[in-house]
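Remarks on the structure that follows.
Encoded structure:
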């Protein structure tokens, strides 16, 4: 049977028709425009499923279910998505809104959880039964598989990896707490530290790159400056990979998965990120002489959200 | 069927014959004296099982298995207990050593994991499918049940709760890292902070109690000083319960269990500990308006290790 996977983001909806092996056979995208409200956006989401089916030359009868990865969580006790902060939505009965248009089972999961499922079906964690996906983007997201199944906890609030405290008197976080992992391991952290470095070293590569980019700084610019050996950027990136390793050690101590996969924008740095993190992790885990999780780069990129959503089951 | 549970500690061996309902029908104890080496101690452990069976008027035929809770972990891939630091043992083939004397299945788990199982069978978490036990003692230990089963991770190193980093530039830990949860939430942390308070306030209750106790300070003395309103002790205990709440919030963000049970020596403070922790936890968790874990006191005390070990299965 085929399933549909919908990756619902703040700016775009990406929908695919996916085989059981995790292959996308048709793909449709449209803008979210969330200010139109959940009812209209859900109608568009359903339409992308129908359009993708048509593109694949398939009918609704061949579709087993629809999965949706959302930048939030579902409250499993109520079938409601309580917060979609990026979209400005609250208490959204997303499943029911989709089913108004297509009468199929609808499964909803956090987008990082969906991506973690995708990597296990068709990406870097194929063949494993337990894995953690850490997305290093504007924030830090996380998905966890235990015994081959998405782990969401008793109330659906587990695996909130980005908001695990790693320095309880540290950087203030948008969530209102101090020292969350995402304050140290996100692209936003690289930009924050990069701006400090640019101010301290106006002659350095980060400041130069910013000046060439109308004063804007991206995580990639910081990483590129480190790659060419700019001393402040090298020092900053070294601190960043230490922070990341500290957070990954917390995940080893908590979940002890077979693999931790790094995804999201920062993971595009590839081996330049992976090598120091692999080297530093043993300095921060508790059982240094026991086997522990391999650290790998996620491989599915932007398609992970669609594939993983399509793999969701009841 | 009956099973035997052995709680192996650095100073003592406590063994019980336990019913399927978690009731201890016979109990035997003896000193560990670990310096005698694993072979001799394992012989004594097997003897406690035989003695407890005799005490209960039961035979080996009525015994299904033997479970052992150890202050360490088993490497499931090798059937070896790699570290029993308290006992000074390394690479101990504990299962095989016991089976030399009694030919029954032997299951080994971390002692906090065993206690977590016990609380779910006969203690405060009866009726739950997911729970975390946090033992607040000399260190901080942890056990986790997911889907009703002990969760140990892919390599047996999961739920190393005491060594989760909550302040990566914080207090040095015996494990060689900085800012581990147990540096802030153990009895040892209360004693460390209590000694600082005694030095800063020689007129205060903590200093007085120390002087009356030949200069020795216990966590109970610090808590008792806070209970009677000594200002430095109250301030210190307030900081302690905040730190504990921060660590428990990490556990909510990671595991999202139904219940987190607090055990170990510090939990003897009862409601004086429980009430501020319950009050502060919502200040530190991410999804404040979603349901989250109840915080409770463990109820089985010292018998938890025996009962939980006896409940271990393959």
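Protein chains in written order, with the numbering used here: chain A, 20 to 333; chain B, 20 to 333.
A virtual CB, placed ideally from N, CA and C, is assigned to each residue, including glycine.
When the Cα of residue 59/A is compared with those of 322/A, 116/A, 292/A, 48/A, which residue comes out closest? 116/A
Which residues DSSP lists as bridging residue 315/A, in chain order: 280/A
Determine whether the Cβ of residue 190/B lies closer than 7 Å to any Cβ atom of chain A. no
Are there 16 or more other CB atoms within 10 angstroms of the CB of residue 276/A, so buried, or fewer, so exposed? buried
I want to verify the contact list: residues of chain B whose CB lies under 9 Å from the CB of residue 151/A, in sequence order. Residues of chain B passing the Cβ test: none, with the nearest at roughly 10 Å.
Using a threshold of 7 Å, state whether the C-beta atoms of residue 333/A and residue 134/A are closer than that. no
Looking at chain A, is there any beta carbon in it that lies within less than 7 Å of the beta carbon of residue 135/B? no
Express the C-alpha separation of residue 320/B and residue 33/B in angstroms, rounding to a whole number. 13 Å
Bridge partners - residue 287/B, DSSP secondary structure assignment: Bridge partners of residue 287/B: none, in fact.
Considering only C-alpha positions, which residue in the set 191/B, 219/B, 129/B, 157/B is nearest to residue 207/B? 157/B
Can you find a C-beta in chain A that's less than 7 Å from the C-beta of residue 275/B? yes
So what's residue 48/A in DSSP terms, helix, strand or just coil? strand
For residue 183/A, decide whether its Cβ has a neighbour in chain B, counting only Cβ atoms nearer than 7 Å. yes
Alpha carbons only, please: which of 107/B, 266/B, 110/B, 40/B is nearest the one belonging to residue 181/B? 266/B
Out of 145/A, 228/A, 310/A, 195/A, which one is the CA nearest neighbour of residue 5/B? In the structure as shown, chain B begins at 20 and stops at 333. Residue 5/B is therefore absent and cannot be evaluated.
Residue 27/A by DSSP, collapsed to three states: which one? strand
At which residue ranges does the segment 215–252 of chain A contain complete beta strand (DSSP E) runs of 3 or more residues, listed in the order of the chain? none
Where residue 172/B meets chain A, residues with beta-carbon distance less than 8 Å: 149, 274, 275, 276
Starting from residue 199/A, follow its DSSP beta bridges and name the residues at the other end. 184/A
Beta-carbon of residue 265/A versus every beta-carbon of chain B: anything under 7 Å? yes
Would you kindly check if the distance between the Cβ of residue 216/B and the Cβ of residue 225/B is under 7 Å? yes
Would residue 193/A be called buried (16 or more neighbouring beta carbons within 10 Å of its own) or exposed? exposed
Sub-7 Å separation of residue 47/B and residue 326/B beta-carbons: no
Are the segment 278–285 of chain B and the segment 155–170 of chain B touching by the rule of at least three beta carbon pairs closer than 8 Å? yes
Straight-line Cα distance separating residue 212/A from residue 305/A: 28 Å
Are there three or more Cβ pairs, one per stretch, closer than 8 Å when the segment 60–67 of chain A is compared with the segment 110–125 of chain A? yes
At a Cβ cut of 9 Å, what residues of the segment 290–308 of chain A count as close to chain B, listed as they run along the chain? 302, 303, 304, 305, 306, 307, 308
Between residue 259/B and chain A, is there a C-beta pair that is closer than 7 Å? no
Which of helix, strand or coil DSSP assigns to residue 266/B: helix
What does the Cβ neighbour count give for residue 145/A, buried or exposed, with the cut at 16 atoms within 10 Å? exposed
Let me make sure I understand the geometry here. Which of 170/B, 290/B, 312/B, 20/B has the alpha-carbon closest to that of residue 136/B? 170/B
Contacts of residue 196/A in chain B (Cβ-Cβ under 7 Å): 303
DSSP three-state call for residue 173/B: helix, strand or coil? coil
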